[in-house]
Amino acid sequence: MEISPASVRFLWRFIGATLIYGVLITGATWVARNFDPSPAGLIALSILPAIAIAASLIVIGLYLVEETDEYVRKRQAVAMLISIGILLTLSTALGFLQQRNLIGTVDLLWVFPAWCVLWSLTQCSMAIRDYRRTGDAA
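So the sequence shown is numbered by the numbering used here: it starts at 4 and just counts up by one.
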């Protein structure tokens, strides 16, 4: 299966956004620990890594717009929806467990990375399912 130009652009853009996220979260954590910023500074440092997450989501949206293969675009959209559904279900269950003091708090900063992992696992399971059905993973 040939990789589309849109997929290559997506890969490089997403890697770039992920690296920027890593730099921003590492830098913001380092500054917060070593420089005792003001409350306004802490707010800015806390929001800064989320900008890279927004960039990642824009990259994903661009990929869906730029991908010319309708089948591939549909598969990606389905994988995203399945992973969102799983994440929302797990988040709701965790919220109820927290509300009833059955578990401690869960840091929300893990939501986007968890969604990315679920999205990847969903794509893998779809490919395995297709391979078992037809002998050819799409």
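For every residue, glycine included, the Cβ atom is placed at its ideal position computed from N, Cα and C.
Supposed contact pair residue j and residue i - C-beta distance, whole angstroms, cut 8 Å
i	j	result
ALA35	LEU45	6 Å
ARG16	VAL62	4 Å
SER86	THR125	5 Å
ILE106	LEU97	7 Å
MET83	TRP122	6 Å
Three-state secondary structure assigned by DSSP to residue i
i	result
PRO40	coil
ILE54	helix
GLY19	helix
ARG78	helix
LEU97	helix
LEU105	coil
GLU70	coil
GLY86	Here the sequence assigns Ser to residue 86, which means Gly is not the residue at that position. In this structure, SER86 counts as helix in the three-state DSSP scheme.
SER59	helix
ILE28	helix
SER10	helix
C-beta contact flag for residue i and residue j at 8 Å
i	j	result
ALA58	ILE23	yes
SER10	THR71	no
LEU27	ALA55	yes
GLN101	THR108	yes
ARG78	MET129	yes
ALA20	LEU48	no
What are the complete alpha helix (DSSP H) segments, minimum 4 residues, inside the segment 110 to 141?
Runs found: 114 to 137.
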